[in-house]
Amino acid sequence: MTKRVDEATLQFVRDHAGDDVRQLALMGSKHPEVDMPWALDQIRGRQVAAAKLPLLARIEGIHYPVHLSMEQCSSQTAALYKLRVARRLIAEGDRASMTDLTGGFGIDFLALSTTFRSATYVERNEELCALMRHNLSVLGRTATVMCTEAEQALDAITPQTLIYIDPARRDAAGGRTYAIADCTPDVLGLAPTLCAKGRWVMVKLSPMLDWHEAVRALGCVSEVHIVSVGGECKELLLVCSAESKGVPTVYCVNDRQVCVFTPDDSQPRYLDTPAGEGMYLYEPNASVMKSGLMAQVCQRYQTRMIAPNSNLFIGSEAIARFPGRGFRITATTTLNRKQLRRALEGIDRANITVRNMPLSAVQLRQRLRLKDGGTTYIFGTTQRDGSHILLVCEKI
């Protein structure tokens, strides 16, 4: 909660900024003058922000919410990506207004609102609204803060250039839900009004959601953004518009790398002959994997898949900008002992990955009797004929 905080509490936060919050929680009786719950939220919030929101973390006077809100908020990288998308969408057009219907801690709002002449933050939690008012003051920025339900705010606002909504992905019992129909607010029910009130509508959803299902359910999606940070798929961002027609464009994002695909009915191409020494193996990043657009990967990068469920691609040349990891194959082998000894001669450690294979990476490592790490990479997978193969590689 943001309120008038006494100097003793503020000093405690400054003095213990890098300390273990769990240990600090045991010190409450020694510091009766300190508002300990608030202080612990600030210390924990600063520590999370240092890694997740480094630009904000450097600003003195910013107040942080409870830990759950910090966990749920977007990272700086993801928020700035949304800003780039918004700027591209409006380009030379109207930058009049935007509304965030599910404000939370407000990281996405603070990023998106910088490009609009007026901005409205909507949040039903009074403490988060008070927090936003305080932080806006610290940042020297102005915005309208509405403490109300998203549905009521949507009815009240005038037409906007951009509406952003990040529905809660938890059910009434607090359990996680991944179906768009189970999110709160009800994005499906609100979709007609959202597209009527917003020239552009951004909907943030769980990366666990099937984006094909979401596109079919909403029916007004023009762009699908699968956003990964540091190789981990973090969120699914849908751009909707009343004018949307046809197949949406899919953006596979990993940090600053963005690959754009247009889905169609084409099928992946598969290897005619087994992969061999001197060929190149490519493992797509998390966003490309999530997209499922393997046929488009084959076409664009002139590669072929090993098998339908391998998600591993083979090419004859090194590809500098492949969206994922690239390797040169130095040897191939079955699990036959003699072949293994030959292929792994001189190798005592390796980085092991399995794709569509009955053994886990740990089990395969134990079977090969190799330590973890080093410069050798081994991929275990199943070929189209059902046989198992190990691809021994070096990174390119």
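To convert, note that position 287 of the sequence shown is 288 in the working numbering; the numbers rise steadily by one, no gaps. Yeah, the Cβ is synthetic: ideal placement off N, Cα and C, and Gly gets one too. None of the values given here were measured: they were computed from a predicted structure.
Asked: Rounded C-beta distance between ILE315 and THR333? I'm assuming under 8 Å.; Found: That belief does not hold up - the Cβ atoms of ILE315 and THR333 are roughly 11 Å apart, past 8 Å.
Asked: In whole angstroms, what separates the C-alpha of MET2 from that of VAL230?; Found: Because the pLDDT at MET2 is just 45, under 50, the model does not fix this residue reliably, and the point stays unresolved.
Asked: Could you tell me whether the Cβ atoms of THR382 and ALA308 are closer together than 8 Å?; Found: yes
Asked: Using a threshold of 8 Å, state whether the C-beta atoms of LEU155 and ALA192 are closer than that.; Found: no
Asked: Check whether the Cβ of TYR122 sits closer than 7 Å to any heavy atom of the ligand SAM, and report yes or no.; Found: The model on display carries no ligand, and the ligand SAM is accordingly not part of it.
Asked: Measuring alpha carbon to alpha carbon, tell me which residue in CYS148, ALA131, LEU54, MET203 is nearest LEU113.; Found: MET203
Asked: Pull up the distance between the alpha-carbon of TYR271 and that of ASP349, whole angstroms please.; Found: 32 Å
Asked: Going by DSSP in three states, GLU124 sits in which element: helix, strand or coil?; Found: coil
Asked: Please give the ranges of any alpha helix (DSSP H) in the region 84 to 115, keeping only runs that are unbroken, at least 4 residues long and fully inside the region.; Found: 108 to 113
Asked: Along the chain, where does the alpha helix (DSSP H) containing SER292 start, and where does it finish?; Found: 287 to 292
Asked: What do you get for ARG200, buried or exposed, if any count of 16 or more other CB atoms within 10 angstroms of its CB means buried?; Found: buried
Asked: Starting from TYR302, trace the alpha helix (DSSP H) in both directions and tell me its first and last residue.; Found: 295 to 302
Asked: Tell me the DSSP secondary structure of THR3 in three-state form.; Found: In this prediction, THR3 scores a pLDDT of 49, lower than 50, which makes its location untrustworthy; the coordinate-derived value is nonetheless stated afterwards. Coil, per DSSP.
Asked: To the nearest angstrom, how far is it from the Cα of THR121 to the Cα of ALA87?; Found: 16 Å
Asked: Please identify the residue among ASN136, LEU56, ARG23 whose C-alpha is closest to the C-alpha of MET37.; Found: ARG23
Asked: Throw me the rounded Cβ distance for the ILE108 and CYS74 pair, which I believe falls under 8 Å.; Found: 5 Å
Asked: For LEU163, which option in GLN77, LEU210, PHE110 has the closest C-alpha, if you only look at C-alpha atoms?; Found: PHE110
Asked: When burial is assigned at 16 or more other CB atoms within 10 Å of the CB, is ASP265 buried or exposed?; Found: exposed
Asked: State the DSSP-derived secondary structure class of CYS130, mapped to helix, strand or coil.; Found: helix
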